[in-house]
Structure formats: structure tokens, C-alpha cells
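Structure, as C-alpha cells:
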Amino acid sequence: MPASSKQIENAHNALILKAIAGGGLSFAVQRIHKVENTADILYAESLARVTDAEGVVHTAGSFVPQLDDGFDLDNRILDMVLSALAADTTLVLGCNLTAANLSASDRFADIFGRITRHPELTSRLVIEVIETHPLVGAAIERLKMIRALGCRIAIDDFGVGFATPANLLQVSADIIKIDASFVRDNRPGRDGRDSLHHMVGFASCIAPIVVVEGIETEAQFEAARAAGATHAQGFLLSRPAWLPQLRQEKSKFSLRGVE
């Protein structure tokens, strides 16, 4: 009898948890490029990965939804990112932090404590906020606390999260990352400007650096440039890679243009 979809899902979850328990959790990185000079790298975003016993690499989208609420992925990846920054002074890395963890006082205390213990690394750490929870009240104040340590703050997946325009205008952010859906479905407006142009324009009111995500074609890159984006991220420019691969290329990251 063939396995049911539930049995397959359970087997996949068990595989992932076993791999994590065996040390299979890690991260890849994807570089963020300056639009006017793509060789100029702003930083590299850290992307959670799990490698199972067969050597198969699982991306975050295939395992994060199955993780138990008690599994704190943010802190585990943050520890790895901080270790990588300490080991290589040429690196500037982005690390994801969910708005839900910003809102939970105990989890935020853990995150804040980890960053505070490494003041020498904060200038090379970008905290990318994922809006899994409304970014309001205490979460906004806690972002200010992290920024005061010297970290840069990026709002990830801009345009599809929980935050309202009014709330976002209260956020002290250095970087806004516009969700890939806006470049995939870029619509013309009656004023002669397309929807991506208006998204970039609003994002520019919040932060000096605006990144368009999901760039896969030359046409999409040109649309991001025409819209006024300062930076771009996507497969056209660079694919996710392991840190050793980047070191072999002697890639050097520098956080230019963020004051």
C-alpha cells in the first residue's frame, strides 16, 4: 500500500529533526549587490539549511513550518553567524529574526544577550526582520535597542508582511528589502510609473537603502534600476553558496553606503 501524504510528511519531519540533532543545521549565504556596480557587495544574507544523513540539503521553506514552537531557529543561526563573523573579519552577514521573537520578551532577551556579548561584531551584523507577527509596540522599541548596539536593521519581504505603512514609518531601519512578488508582478500605473516604482519610492521614505529581491532576469534587474532601487538580490546576480565557496573566490564583503 502506498504511503499517505500524512505519512510522507511525518517521515520528512522525522528526517529533518534527526538531521538537526546530528548537527545538520547550517546556513548558506546569498550576496546583495549594488545596482550601479554589481561587483560592489553590500552584505550576504544567511539562509538556514539542513543537510540530512544522505547529504541532501533542505532549504528553510521545506522545514521551518514543521519545526516545533519550542525550537528557536533564530538563536541557533545567530550563534553560527556570530561565530562566522568572529572567524573572518572580511564578512558582513545578515541574520533573520522573526517579529514574533522580537515580541516575545524571553526570546528577545536571549537574542539581545547574544549580540551584546560580541560588541566587536555588531558593525558587521545586519538583522533582517521577518514579519511573522505585527511589528508594533514593544517590537519596534526592541529593534531600536538592537540598532543602538551597532547592528544595521533590514525589513525583509517588504509589502507582504503584517506591518502597516504607519507602523513602518516608526521603524528605525537602514535597509528595506522589497518582496520578490513585486518584481514578478510589476504592473503599469495610470501615472506612467509601474507598481515597483511606487513600492521603492515608499520604501525610500523609511530607509536610505532599498533592495529588490528575487531578481532572476535582465528585464527584472532593469526594472529595479528604473524604479530607483539602490541594491538587488537574486539568482541573476548570485546564487546561495556555502561560506567556504565564497572564501575560495576570495570574496570580500563591505557594508558600503550605510551610515
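Count the sequence shown with this note's numbering and you get residues 1378 to 1636, in order.
Ideal Cβ positions, reconstructed from N, Cα and C, are used throughout, including at glycine.
| Check | Outcome |
| --- | --- |
| Straight-line gap, Val1412 to Val1506 (C-alpha atoms, nearest Å) | 22 Å |
| Cβ neighbour criterion (16 or more within 10 Å) applied to Val1433 | exposed |
| Range covered by the alpha helix (DSSP H) that runs through Arg1453 | 1450-1464 |
| Segment contact, 8 Å Cβ cut-off, at least three pairs: the segment 1592-1612 with the segment 1568-1579 | yes |
| Where Phe1489 falls: helix, strand or coil (DSSP) | helix |
| Cα-Cα separation, Ala1391 to Ser1382 | 14 Å |
| With 16 other Cβ atoms within 10 Å as the buried cut-off, status of Leu1546 | exposed |
| Sequence ranges, alpha helix (DSSP H) only - wholly within the segment 1525-1585, length at least 4 | 1542-1545, 1558-1561, 1572-1581 |
| Sufficient close CB pairs (3 or more, under 8 Å) joining the segment 1474-1485 to the segment 1413-1420 | no |
| Under 8 Å between C-beta atoms of Ile1552 and Val1589 | no |
| Residues that DSSP places opposite Glu1638 in a beta bridge | Any property of residue 1638 remains undetermined from this structure, which presents the chain solely from 1378 to 1636. |
| Cα-Cα separation between Val1635 and Asp1556, rounded to whole angstroms | Below a pLDDT of 50, predicted positions are generally treated as unreliable, and Val1635, at 38, falls in that range; no measurement from the model is reported. |
| Ala1596 classed as buried or exposed, judged by whether at least 16 other C-beta atoms fall within 10 angstroms | exposed |
| Buried or exposed (CB count within 10 angstroms, at least 16 for buried), Val1469 | buried |
| Assigned secondary structure, Thr1594 (DSSP; H/G/I helix, E/B strand, else coil) | coil |
| Candidates Ala1405, Thr1428, Cys1472, of which the one nearest Ile1523 by Cα | Cys1472 |
| Residue interval of the alpha helix (DSSP H) (run including Leu1613) | Taken as a continuous stretch (DSSP letters only), Leu1613 belongs to no alpha helix (DSSP H), as it is neither H nor E. |
| Backbone secondary structure at His1435 - three-state DSSP | strand |
| Cβ contact check for the segment 1481-1500 and the segment 1455-1463: 3 or more pairs under 8 Å | yes |
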